[in-house]
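Sequential numbering from 22 applies to the sequence shown in the working numbering. By construction, the Cβ of each residue, glycine as well, lies at the ideal position given by its N, Cα and C atoms. First comes the structure, then the notes that go with it.
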Amino acid sequence: MRAAGRERKMRFTGSPLTHGYTNRILTTDLGGRAAGISELEPRLRDYFLGGRALGLYLLHRRITSQTSPCDPGNPLIFSPGPLAGIPQFPGTSKCMAVSLSPLTGIPGVSNFGGHFGAYLKYAGFDALEITGKSATDAILVIDGFRKEISIEEAPLIDEVFALEMAIAERFIQAGRDRKDIVFLTTGIGAASTAYGCINSHYFDPTKHSDGTKGFFRTKQAGRTGLGTVMMGKNIRAVVVLAEFPRGGNPYGAADWEKVRQAGAKLGKVVREVDPQSLKMYRKGSAGLISFMNKQEYQSLPVNNYQLGSDPRADQITGKFYAEHLFDHRGMDGCFPGCNLRCTKGGWVTLTFGEHRGRRVWVDGPEYETAAGFGSNLGIWNAESIMEANWHCDNFGIDTITTAVLIAFVMECFQRGYLTKEDTDGLALTWGDQEAVFAFIHRLARRKTEFARTAGAGMLPLIDWIADRHVRRTGHADPRPELIKFAMQTKGLPFSLYRTHRSLSMQGSYAAASDIGAHHAAAWLIKADLMGAFPTLRDKARALVTYPRVRLGNDNLGLCKLPWVDVFNPDSEKVKDQDRFINPASQVLYAEFYNGMLGTDLTWEQIFAQTDRDINLQRVMNVMVYGAETGKNDWIPERAIGPLDDALYEAEGAYNDGELARLLGKSPDEIRAMPTGEKRELLMKRRKEELRKLIHAYYRERGWSPSGIPTPATLKQVGLWDFLTEEARTRIGALAG
22 MRAAGRERKM RFTGSPLTHG YTNRILTTDL GGRAAGISEL EPRLRDYFLG
72 GRALGLYLLH RRITSQTSPC DPGNPLIFSP GPLAGIPQFP GTSKCMAVSL
122 SPLTGIPGVS NFGGHFGAYL KYAGFDALEI TGKSATDAIL VIDGFRKEIS
172 IEEAPLIDEV FALEMAIAER FIQAGRDRKD IVFLTTGIGA ASTAYGCINS
222 HYFDPTKHSD GTKGFFRTKQ AGRTGLGTVM MGKNIRAVVV LAEFPRGGNP
272 YGAADWEKVR QAGAKLGKVV REVDPQSLKM YRKGSAGLIS FMNKQEYQSL
322 PVNNYQLGSD PRADQITGKF YAEHLFDHRG MDGCFPGCNL RCTKGGWVTL
372 TFGEHRGRRV WVDGPEYETA AGFGSNLGIW NAESIMEANW HCDNFGIDTI
422 TTAVLIAFVM ECFQRGYLTK EDTDGLALTW GDQEAVFAFI HRLARRKTEF
472 ARTAGAGMLP LIDWIADRHV RRTGHADPRP ELIKFAMQTK GLPFSLYRTH
522 RSLSMQGSYA AASDIGAHHA AAWLIKADLM GAFPTLRDKA RALVTYPRVR
572 LGNDNLGLCK LPWVDVFNPD SEKVKDQDRF INPASQVLYA EFYNGMLGTD
622 LTWEQIFAQT DRDINLQRVM NVMVYGAETG KNDWIPERAI GPLDDALYEA
672 EGAYNDGELA RLLGKSPDEI RAMPTGEKRE LLMKRRKEEL RKLIHAYYRE
722 RGWSPSGIPT PATLKQVGLW DFLTEEARTR IGALAG
């Protein structure tokens, strides 16, 4: 179907939900101003399920090994999953964004909350593919009321929250109720960096602003730079107009009563457990800071992951936000039906930039942003963290990448690799919040050579700093030293966990997370710190079993928090299973899944299906890395242990104890050794342990010793026939 004349409007027919699916995919060609609707073939639907898995398959079929992230042919895909948008069960808010990442060059995936994925289904589509590039800035509108798709001119607005107001006003003036308008945006920072984020806007009627009831709130698809892909296609917003389905079985469940009962059971667990444990309904995910900051764990990153705790962390914990900054009025769920209510936010007055003095609402900070702009930069001011959060959202850039990159720059200043001469007079030093705000603004508007280089990502920045340092000092190339504390894997900066005391999490960042150093696939650090995986084999198995669940939720359209952060007391009673995986709640997820899809599977069988897309993502990584695939499964030395003697001594008792265990020596023998010798031995043994874990993980996956899926494994999981001919040829040549 094509646009006629100047109207650029395309008509479509409705599609009822059946077992949570519309069984249709919408594809838009921006260059040709065209749209097409294709059937979601049952064979594809039943194999890839939805969400991340379906998005990766749609990406795989459209690209080759020669496709680059900036090519118009690189699609931007949004896919919610069959269980998304069903408010009778907690945490059904998730949608996945998928594309080749401009930050890493490999497939990038990011999940986000809000209402967008649900409304895309309500409008009639299981997935949206955006291909090509618009000649001018445009807005894609999917109108589920009129059954029309249109590509309209976008207003010339660089900042996200001004664009939000303009879009909302446009459709309100056209007669739409605010609750029926959901949309995605990005901002000027996405055009200036390789790590642009996508903001997901939805109307919250329960909050109040200046005497007006309700305002739009945001969640973000932040990781892997998919906002940059969106901006590169000249799409400034994607709008969906729709409403909740109605009727006795509105989502087409095979057994609607079973679905409702499963939701009621999990809702009861959340209602009874969360107020007595993590209190996410008050603290949000920022409550995790106090756990990671514990002396016995040392896992909260401080000053670019150099240290793992700080007594000043009390000033930025979830408890502090809950008592001083978060606005607790309203429900604070990012989708109806979720009683975890962890979408916290509050009001701050801006202190920097052209909006200085303005009082703004900030959604967040989540744990990652609170730690990233807080402890990891040596900033212990909660309002400053929220302000940094707002500036990043307003410009459309990822908070995690931005904060970790700034921490790297601060350490470069600390160690003399950078000076104010290199950075146009801006000295980024620990705790300097004013410099952080200034850098964010320079970054978003590409104001200096330094900002433009930093906008390209961590790896180009390392090269730039090294070249400047050599020219300025005449010293040897510092790249080998810089790479040790540049906290990235595969080009993606770390999420905010210091991993010195969690070998499992080191393995997660290195190998199990194929998008780069992010925790979505295998967030094992908390369970590992609590003793869940005592042996190397236990850790290797966890790197397989936990991603099945975590990424399986991404396939289904589910939020992980009601599962992972609300421990079901009945899990303590389950025998012969890992209690840390919360098996009693997993049973409820299986009841939900079976009730919707009409199947009769255990939770283990349901989530084992995730091996399909895990292998697919690995195949696509192989298409980029080739024989070097396994070499990219590594982390910086800073993530493994102390890089200098002072950092060893900062945790001397623990490090001595671990070294005594590893070497089979007495504590007295270890204490008698010089610090430098101890540190070198500790780092050597830790790196050996990590290499062993990575290779044990490969064996558990059925991959080659160089981390490449074998044809036999791909055939066993049923993926081989879904691969392109180019991929089958490449895998066959490399893995045999």
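For residue j and residue i, believed in contact at Cβ under 8 Å, the rounded distance
i: residue 415; j: residue 204; result: The pair is not a contact, with the Cβ atoms about 16 Å apart (cut-off 8 Å).
i: residue 530; j: residue 656; result: 5 Å
i: residue 507; j: residue 483; result: 5 Å
i: residue 521; j: residue 329; result: 6 Å
i: residue 431; j: residue 450; result: 6 Å
i: residue 325; j: residue 471; result: Actually they are not in contact, since the Cβ atoms of residue 325 and residue 471 sit about 18 Å apart, beyond 8 Å.
i: residue 220; j: residue 207; result: 7 Å
i: residue 336; j: residue 401; result: 5 Å
i: residue 573; j: residue 627; result: 7 Å
Cβ-based burial, residue i [other Cβ within 10 Å; buried from 16]
i: residue 349; result: exposed
i: residue 241; result: buried
i: residue 37; result: exposed
i: residue 177; result: exposed
i: residue 32; result: exposed
i: residue 379; result: exposed
i: residue 568; result: buried
i: residue 551; result: exposed
i: residue 365; result: buried
i: residue 53; result: exposed
i: residue 35; result: exposed
i: residue 699; result: buried
i: residue 616; result: buried
Inter-residue spacing [alpha-carbon to alpha-carbon] between residue i and residue j
i: residue 381; j: residue 187; result: 17 Å
i: residue 81; j: residue 701; result: 43 Å
i: residue 355; j: residue 106; result: 11 Å
i: residue 678; j: residue 517; result: 26 Å
i: residue 283; j: residue 597; result: 23 Å
i: residue 150; j: residue 436; result: 46 Å
i: residue 458; j: residue 377; result: 11 Å
i: residue 64; j: residue 275; result: 19 Å
i: residue 392; j: residue 244; result: 16 Å
i: residue 60; j: residue 142; result: 14 Å
i: residue 481; j: residue 475; result: 7 Å
i: residue 633; j: residue 555; result: 28 Å
i: residue 542; j: residue 609; result: 21 Å
i: residue 345; j: residue 236; result: 21 Å
i: residue 649; j: residue 727; result: 8 Å
i: residue 710; j: residue 582; result: 30 Å
i: residue 658; j: residue 664; result: 7 Å
Residue i: CB within 7 Å of a non-hydrogen atom of the ligand SAM
i: residue 288; result: The model on display carries no ligand, and the ligand SAM is accordingly not part of it.
Close beta carbons around residue i, own chain, < 7 Å, minus the five adjacent residues each side
i: residue 638; result: 77, 128 and 535
i: residue 2; result: The requested residue 2 does not occur in the structure, where the chain is confined to residues 22 to 757.
Beta-carbon proximity list for residue i, same chain, < 8 Å, skipping 5 on both sides
i: residue 340; result: 304, 308 and 311
i: residue 144; result: 163, 164, 165, 261, 262 and 263
i: residue 271; result: 38 and 265
i: residue 89; result: 95, 121 and 126
i: residue 369; result: 346, 380, 381, 383, 404, 407, 408 and 411
Assigned secondary structure, residue i (DSSP; H/G/I helix, E/B strand, else coil)
i: residue 192; result: helix
i: residue 518; result: coil
i: residue 461; result: helix
i: residue 254; result: coil
i: residue 218; result: coil
i: residue 226; result: strand
i: residue 676; result: helix
i: residue 336; result: helix
i: residue 620; result: coil
i: residue 133; result: strand
i: residue 151; result: strand
i: residue 591; result: helix
i: residue 710; result: helix
i: residue 75; result: helix
Other residues of its chain near residue i: CB distance less than 6 Å, five sequence neighbours each side excluded
i: residue 28; result: Reliability of the predicted coordinates at residue 28 is poor, the pLDDT of 47 falling under 50, and the value obtained from them is presented with this limitation in mind. Excluding residues within five positions, none has a Cβ falling inside 6 Å.
i: residue 14; result: Only positions 22 to 757 of the chain appear in the structure, and residue 14 is not among them; the question remains open.
i: residue 453; result: none
i: residue 288; result: 111 and 360
i: residue 399; result: 324, 451 and 452
Interface flag, residue i vs chain B, CB-CB below 8 Å
i: residue 447; result: The question asks about chain B, but that chain is absent: this structure has only one protein chain.
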